[in-house]
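Colleague: Starting off with a structure, shown below.
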Amino acid sequence: MFFRLTMKKLFALFFAGFLASSVFAQETPDALVQRVTEEVLDIIRHDKEIQNGSTNKVIDLVDKKVLPHFNFQHMTALALGKEWRKASPQQQQQLTAEFKTLLVRTYSNALTSYKNQKIVYKPFKMAPAETDVLVRTEVHQPGNKPVQLDYSLEKLESGWKVYDVVVAGISLVTNYRDQFGQEVRNGGIDGLIASVAAKNKSLEANQKK
Amino acid sequence: MTKSLGLSPMRNGRRWALGGLLALACAGNVLAEENPRDPYEGFNRSMFAVNEAIDKYAAKPVAQVYDNAVPLPVKASVGNFFGNVGDLWIGVNSAMQGKFADAGVDIGRLLINSTVGIFGLFDVASELGLEKHEEDFGQTMAVWGVGSGGYLFWPVIGPRTVRDTAGFGVDSFVDPVWRVRPVSARNSMVVLRFVDVRASLLPADKIVEEAALDKYSYIRDAYLQRRRNQIFDGRPPRLDD
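Protein chains in written order, with our numbering: chain P, 417 to 625; chain Z, 5 to 245.
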């Protein structure tokens with residue numbers, strides 16, 4: 417069954433993708449990932465509303481627990497690639513805000529569907545001076561091969577921040593690069609911002625139905 | 005993301021795939037393309053649309069019924085069973101890539117799961133710490149230095165590169181499930197395997213729909229990233245931004 421694990425499934429497993437957040441800036445990056453993942457999973461396991469698909473409730477959870485530990489500006493820059501430097505500071509800010517909304521909403525929804533998984537934390541080593549690290553974890557679930565779930569973190573003044581999440585080798589950030597490039601070719605940076613904003617609006621409208 | 009319905013005999017499928025490849029080789033020259041990784045984008049997008057229709061009206065509804073009707077332990081056993089059947093060829097590919105320790109694990113898994121695991125219904129080997137690997141002939145060719153070629157999207161089969169389409173042909177040729185006789189039993193198994201795989205993807209459908217600005221590109225880029233990761237066994241060299 418060589419083609420068993422396919423992209424969509426991997427993305428489904430992504431549920432833990434936003435599970436990084438912290439209070440202690442001094443925490444090592446692997447400890448940070450582990451603590452936040454367990455905190456969030458624990459809340460989800462015990463929250464019937466989230467298990468029943470309450471998007472707003474998960475978004476709240478993600479907002480409170482996870483977002484403080486993500487560097488969305490870096491993520492957006494990574495997703496856009498070299499066009500980022502050509503964007504004005506205002507455009508950068510707008511795009512970051514829209515991209516953040518998109519990522520948070522999509523992946524918060526993913527969180528609502530999962531309860532049987534277990535996260536395994538891979539051994540982690542880093543030199544004290546390192547400021548850019550990869551923390552590796554695995555998602556285990558019955559009947560399936562474990563799925564790699566890795567976080568790239570960078571050390572900022574405010575502590576360690578996640579700037580990329582990689583599910584089974586798929587970077588959820590750089591996976592947007594070609595799509596963003598396509599939009600920029602069609603309508604410039606402003607066109608891209610408008611497309612992401614329109615996507616966010618339609619997702620919000622669907623949710624209300 | 006494989007959507008291998010497997011409803012037609014593989015022999016015909018392969019012949020058809022070869023014909024398709026030839027047609028593509030010609031079409032590629034005609035289409036002016038912007039994305040060097042996706043030289044057959046026009047063809048691919050139309051195949052993608054065909055696949056979306058097949059999925060919407062056949063594969064997905066069946067998978068949904070299966071997913072709702074079958075209890076989790078049974079679904080896990082179905083996945084384990086077909087996973088076990090695949091371990092032999094995975095071991096052969098590990099060996100062909102020079103990873104003999106991995107090959108030993110793969111064959112050990114097969115032996116343990118086929119016996120203690122009751123014909124592979126239970127993945128006892130994983131619990132003993134023998135980790136399942138992901139190998140196929142496309143990866144083996146990549147390790148041997150064969151380039152990926154352009155990206156292709158096939159109806160039912162899903163995304164592949166040119167190299168991995170050829171690899172998939174070889175994988176299918178040696179796939180024991182396709183050798184099962186009588187043919188009716190074989191067909192049932194092929195369909196069950198397909199439905200099981202599709203069902204396991206159901207939760208992800210919504211995520212892809214929501215996350216993607218352009219679903220076609222999103223799936224293509226995810227597939228290409230994922231293949232690269234598989235070829236390097238989970239530790240691909242970092243790309244510069």
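Think of the CB as a built atom: it goes at the ideal place given N, C-alpha and C, for glycine as much as any other residue.
Name the residue from Leu519(P), Thr590(P), Pro505(P) and His556(P) whose alpha carbon lies nearest to the alpha carbon of Asp606(P).
Modeller: Sequence index remark: in the first sequence, residue 606(P) carries index 190 (1-based). Answer by Cα proximity: Pro505(P).
Colleague: Can you find a C-beta in chain Z that's less than 7 Å from the C-beta of Gly603(P)?
Modeller: Looking up residue 603(P) in the first sequence gives position 187. The beta carbon of Gly603(P) does not come within 7 Å of any beta carbon belonging to chain Z, so the residue lies off that interface.
Colleague: Checking 7 Å against the spacing of the C-beta atoms, do Gly83(Z) and Asp200(Z) come in under that value?
Modeller: As a first step, residue 83(Z) must be located in the second sequence, where it is residue number 79. As a first step, residue 200(Z) must be located in the second sequence, where it is residue number 196. Yes, the Cβ-Cβ distance between Gly83(Z) and Asp200(Z) is below 7 Å.
Colleague: Would you say Gln229(Z) lies against chain P (beta-carbon separation less than 7 Å)?
Modeller: Counting from 1 along the second sequence, the entry for residue 229(Z) is found at position 225. For Gln229(Z), the answer is yes, since a Cβ of chain P falls inside 7 Å of its Cβ.
Colleague: What is the C-beta distance between Thr471(P) and Thr528(P), in whole angstroms, given that I count them as a contact (C-beta under 8 Å)?
Modeller: If you number the first sequence from 1, residue 471(P) lands on position 55. If you number the first sequence from 1, residue 528(P) lands on position 112. The Cβ separation is near 7 Å, so the contact holds.
Colleague: Within the continuous alpha helix (DSSP H) that includes Phe488(P), where are the two ends?
Modeller: Counting from 1 along the first sequence, the entry for residue 488(P) is found at position 72. Its alpha helix (DSSP H) spans residues Phe488 to Leu496.
Colleague: Please state the DSSP three-state secondary structure of Leu398(P).
Modeller: Because chain P spans 417 through 625 in this model, residue 398(P) falls outside it and cannot be assessed.
Colleague: State the Cα-Cα distance for the pair Leu26(Z) and Gly87(Z), rounded to the nearest angstrom.
Modeller: As a position in the second sequence, residue 26(Z) is number 22, starting the count at 1. As a position in the second sequence, residue 87(Z) is number 83, starting the count at 1. Bear in mind that a pLDDT of 48 at Leu26(Z), under 50, signals an unreliable position, so the model cannot answer this.
Colleague: Would you say Asn233(Z) lies against chain P (beta-carbon separation less than 7 Å)?
Modeller: As a working note, residue 233(Z) is residue 229 in the second sequence. Nearest CB-CB separation between Asn233(Z) and chain P: below the 7 Å threshold.
Colleague: Taking C-beta pairs closer than 7 Å, name the residues in chain P that Tyr222(Z) reaches, listed in chain order.
Modeller: On the second sequence, position 218 is the one that residue 222(Z) refers to. In chain order, Asn591 and Gln595 make up the part of chain P whose C-beta sits under 7 Å from the C-beta of Tyr222(Z).
Colleague: Among the residues of its own chain, which have a CB less than 7 Å from the CB of Leu608(P), if the five just before and after it don't count?
Modeller: As a working mapping, residue 608(P) is identified with position 192 in the first sequence. Contacts found: Leu511, Phe596, Glu599 and Val600.
Colleague: Check the Cβ of Asn39(Z) against every Cβ in chain P and list those closer than 8 Å, keeping chain order.
Modeller: By 1-based counting over the second sequence, the position of residue 39(Z) is 35. Here the neighbours are Asp594.
Colleague: Output the boundary residues of the beta strand (DSSP E) element that contains Asp641(P).
Modeller: As displayed, chain P neither begins before 417 nor continues past 625, which places residue 641(P) out of reach and without an answer.
Colleague: Do the CB positions of Ser98(Z) and Glu139(Z) come within less than 7 Å of each other?
Modeller: For the purposes of this step, residue 98(Z) is taken as residue 94 along the second sequence, with counting starting at 1. For the purposes of this step, residue 139(Z) is taken as residue 135 along the second sequence, with counting starting at 1. Going by C-beta atoms, Ser98(Z) is nearer than 7 Å to Glu139(Z).
Colleague: Counting only Cβ-Cβ distances shorter than 7 Å, please list the residues of the segment 559 to 580 of chain P near chain Z, keeping chain order.
Modeller: Gly559, Asn560, Lys561 and Gln564
Colleague: Specify whether the segment 558 to 578 of chain P and the segment 476 to 496 of chain P touch according to this definition: at least 3 beta carbon pairs, one from each stretch, less than 8 Å apart.
Modeller: yes
Colleague: Ends of the alpha helix (DSSP H) at Thr444(P)?
Modeller: On the first sequence, position 28 is the one that residue 444(P) refers to. It is not in any alpha helix (DSSP H) - Thr444(P) carries neither H nor E in the DSSP assignment.
Colleague: Can you tell which of Arg197(Z), Arg202(Z) and Trp93(Z) has its C-alpha closest to the C-alpha of Ala62(Z)?
Modeller: Here the question's residue 62(Z) lines up with position 58 in the second sequence. Nearest of Arg197(Z), Arg202(Z) and Trp93(Z) to Ala62(Z), Cα basis: Arg202(Z).
Colleague: I'd like the list of long-range same chain contacts for Pro240(Z), defined as Cβ closer than 6 Å, with 5 residues on each side in sequence excluded.
Modeller: On the second sequence, residue 240(Z) is found 236 positions in, with the first residue counted as 1. Around Pro240(Z): Arg232 and Asn233.
Colleague: Look at Lys571(P) and Thr547(P) and say whether their C-beta atoms are less than 7 Å apart.
Modeller: Counted from its first residue, the first sequence places residue 571(P) at position 155. Counted from its first residue, the first sequence places residue 547(P) at position 131. At the C-beta level, Lys571(P) and Thr547(P) come within 7 Å of one another.
Colleague: Any heavy atom of the ligand NAP within a distance shorter than 6 Å of the CB on Val581(P)?
Modeller: Among the components modelled here there is no ligand, and therefore nothing to report on the ligand NAP.
Colleague: Give the DSSP-derived three-state secondary structure of Val474(P) in the structure shown.
Modeller: Residue numbering aside, residue 474(P) sits at position 58 when the first sequence is read from its first letter. Helix at Val474(P).
Colleague: Going along chain P in order, which residues have a C-beta closer than 9 Å to the C-beta of Pro240(Z)?
Modeller: Indexing the second sequence from 1 puts residue 240(Z) at position 236. Within 9 Å Cβ-Cβ: Gly585.
Colleague: Name the two residues that bound the continuous beta strand (DSSP E) containing Thr553(P).
Modeller: For the purposes of this step, residue 553(P) is identified with residue 137 of the first sequence, where counting begins at 1. Here the beta strand (DSSP E) through Thr553(P) covers Asp548 to His556.
Colleague: What's the call for Ala614(P), buried or exposed, on a 16-neighbour Cβ count within 10 Å?
Modeller: Along the first sequence, read from residue 1 onward, the residue named residue 614(P) stands at position 198. Classification for Ala614(P): exposed.
Colleague: Would a C-beta distance cut-off of 7 Å place Val54(Z) and Pro159(Z) closer than the cut-off?
Modeller: Residue mapping note: residue 54(Z) aligns to position 50 of the second sequence, counting from 1. Residue mapping note: residue 159(Z) aligns to position 155 of the second sequence, counting from 1. In contact: Val54(Z) and Pro159(Z) (Cβ atoms closer than 7 Å).
Colleague: When you compare only the Cα positions, how much space is there between Arg451(P) and Ile535(P)?
Modeller: Translated into positions along the first sequence, residue 451(P) becomes position 35. Translated into positions along the first sequence, residue 535(P) becomes position 119. Rounded to whole angstroms, Arg451(P) to Ile535(P) spans 11 Å at the Cα level.
Colleague: Listed from N- to C-terminal order along the chain, which residues in the segment 603 to 619 of chain P have their beta-carbon within a distance smaller than 8 Å of any beta-carbon of chain Z?
Modeller: Ser611, Val612, Lys615 and Leu619
Colleague: Residues of chain P with CB closer than 7 Å to the CB of Ala63(Z), please, in chain order.
Modeller: On the second sequence, residue 63(Z) is found 59 positions in, with the first residue counted as 1. Per Cβ cutoff of 7 Å: no residues; Ala63(Z) is ~12 Å from chain P at best.
Colleague: Given Arg197(Z), which residues of its chain have a CB within under 7 Å of its CB, disregarding the five upstream and five downstream residues?
Modeller: Stepping through the second sequence from its first residue, residue 197(Z) is reached at position 193. Excluding residues within five positions, the ones whose Cβ falls inside 7 Å are Phe86 and Val181.
Colleague: Roughly how many angstroms lie between the CA atoms of Asn48(Z) and Ala215(Z), to the nearest whole one?
Modeller: Residue 48(Z) sits at position 44 when you count from the first residue of the second sequence. Residue 215(Z) sits at position 211 when you count from the first residue of the second sequence. Here the alpha carbon of Asn48(Z) sits roughly 21 Å from the alpha carbon of Ala215(Z).
Colleague: Is there a Cβ of chain P sitting closer than 7 Å to that of Asp110(Z), yes or no?
Modeller: If you number the second sequence from 1, residue 110(Z) lands on position 106. So no, Asp110(Z) is outside the interface.
Colleague: Can you give the Cα-Cα distance for Gly121(Z) and Ala621(P), rounded to whole angstroms?
Modeller: By 1-based counting over the second sequence, the position of residue 121(Z) is 117. By 1-based counting over the first sequence, the position of residue 621(P) is 205. Cα to Cα, the separation comes out at about 48 Å.
Colleague: Does the CB of Asp225(Z) have a neighbour CB from chain P at under 7 Å?
Modeller: Indexing the second sequence from 1 puts residue 225(Z) at position 221. Taking Cβ atoms only, chain P reaches closer than 7 Å to Asp225(Z), which makes this a yes.
Colleague: Does the Cβ of Glu573(P) have 16 or more other Cβ atoms within 10 Å, making it buried, or fewer, making it exposed?
Modeller: Your numbering for residue 573(P) matches position 157 in the first sequence. Label assigned to Glu573(P): exposed.
Colleague: Return helix, strand or coil for Ile122(Z), following the three-state DSSP convention.
Modeller: Taking the second sequence and counting its residues from 1, one reaches residue 122(Z) at position 118. DSSP places Ile122(Z) in the coil class of the three-state scheme, outside both helix and strand.
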